[in-house]
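Chemist: Numbering (my numbering), first residue to last: 793 to 981. No residue lacks a Cβ here, since even glycine has one placed at the ideal position from N, Cα and C. Given the structure is predicted, the values throughout are model-derived calculations rather than measurements. Right, I'll just put the structure down here and ask away after.
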DNA sequence: TAGGCGATGACCT
DNA sequence: GGTCATCGCCTAC
């Protein structure tokens, strides 16, 4: 089981530096969080419900959910299906479609266009309509190639989760200005 | 069927 | 540093 959990963390790290395109805007991924599925109390897949069902299926699918009624958060299902792992895309820097991203996000500094999971989803115009798409297919939402290997990857506790908050499964590119600030969930103890 | 709560972000002091 | 908007989903009744 530990090996499978390590796979999810490796998957998360491997996404850093890759591009992710959503409806005409592309970002270079700078921050992610890994969720270990059935063995991870912080994961939506910890309980198998209709919503989390997609994480028990094929890897490379998009899992989109709404947070606090306002924000769309973007996850990539990693597999293996036996543990229902997924990786949350938390932040990135816009590398293509800058004008469109600015239009969607309004008057904010470029480094903040896709800073934080809600903002990233907004900049890429990801909604529930994109739930379940295969990100390896070159459609309006897809995962692109590695732009450049990140020089230094750092890790730390995940942001905002109230359970298993001390598991260091947040990974980010050191020094990247688009990485969001760490904030601990007040319920995490 | 009702109530509680959250993998957030923006704005306030 | 603290507060709050806002609504879909999950759980308990």
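Are the beta-carbon atoms belonging to residue 827 and residue 880 less than 8 Å from one another?
Modeler: Yes, these two residues count as a Cβ contact at 8 Å.
Chemist: Mind checking who residue 877 pairs with in its DSSP beta bridge?
Modeler: In DSSP, residue 877 forms no bridge with anything.
Chemist: Looking only at its own chain, which residues have a Cβ that is under 7 Å from the Cβ of residue 960, when we skip the five neighbours before and after it?
Modeler: Contacts found: 947, 948 and 949.
Chemist: Are there three or more Cβ pairs, one per stretch, closer than 8 Å when the region 897-911 is compared with the region 829-839?
Modeler: Counting Cβ pairs under 8 Å, fewer than three are found: no touch.
Chemist: Would you identify the three-state DSSP class for residue 811, choosing helix, strand or coil?
Modeler: DSSP places residue 811 in strand when its eight states are reduced to three.
Chemist: Please say whether residue 848 and residue 873 have beta carbons closer to each other than 8 Å?
Modeler: Their beta carbons are under 8 Å apart, which means residue 873 touches residue 848 by this criterion.
Chemist: Within the same chain, show all residues whose beta-carbon is closer than 8 Å to that of residue 944, passing over the 5 residues directly before and after it, in chain order.
Modeler: Once the five neighbours on either side are set aside, the close Cβ partners of residue 944 are 965, 966 and 967.
Chemist: Can you look up residue 885 in the DSSP assignment and give me helix, strand or coil?
Modeler: Looking at residue 885 - three-state DSSP - the assignment turns out to be strand.
Chemist: Tell me the rounded alpha-carbon separation between residue 850 and residue 954.
Modeler: When rounded, the distance between both Cα atoms is 28 Å.
Chemist: What are the partner residues of residue 912, as DSSP defines its beta bridges?
Modeler: DSSP, once it has assigned bridges, lists no residue as partnering residue 912.
Chemist: Under the assumption that residue 882 contacts residue 825 (Cβ atoms under 8 Å), give the Cβ distance between them as a whole number of angstroms.
Modeler: Residue 882 to residue 825, Cβ: 6 Å. Contact.
Chemist: Checking 8 Å against the spacing of the C-beta atoms, do residue 810 and residue 939 come in under that value?
Modeler: Yes, the pair counts as a contact, with Cβ atoms nearer than the cut-off.
Chemist: I'd like the list of long-range same chain contacts for residue 980, defined as Cβ closer than 6 Å, with 5 residues on each side in sequence excluded.
Modeler: Counting only Cβ-Cβ distances below 6 Å, and skipping sequence neighbours, we find 954 and 957.
Chemist: Hey, how far is the Cα of residue 840 from the Cα of residue 846?
Modeler: Going from the Cα of residue 840 to the Cα of residue 846 covers about 10 Å.
Chemist: Does the distance from the CB of residue 869 to the CB of residue 853 come in under 8 Å?
Modeler: Yes, the pair counts as a contact, with Cβ atoms nearer than the cut-off.
Chemist: For a test of the three-state rule: what should DSSP assign to residue 936, helix, strand or coil?
Modeler: In the structure shown, residue 936 sits in a strand (DSSP, three-state: E or B).
Chemist: Assign residue 901 to buried or exposed, taking buried as 16 or more other Cβ atoms, counted over all protein chains shown, within 10 Å of its Cβ.
Modeler: Residue 901 is exposed by the Cβ-count criterion.
Chemist: Just mark residue 973 as buried or exposed, buried being the case when its beta carbon has 16 or more other beta carbons within 10 Å.
Modeler: Residue 973 is exposed by the Cβ-count criterion.
Chemist: Here's the rule: buried if 16 or more other CB atoms are within 10 angstroms of the residue's CB, otherwise exposed. What is residue 859?
Modeler: Looking at its Cβ environment, which holds fewer than 16 other Cβ atoms inside 10 Å, residue 859 is exposed.
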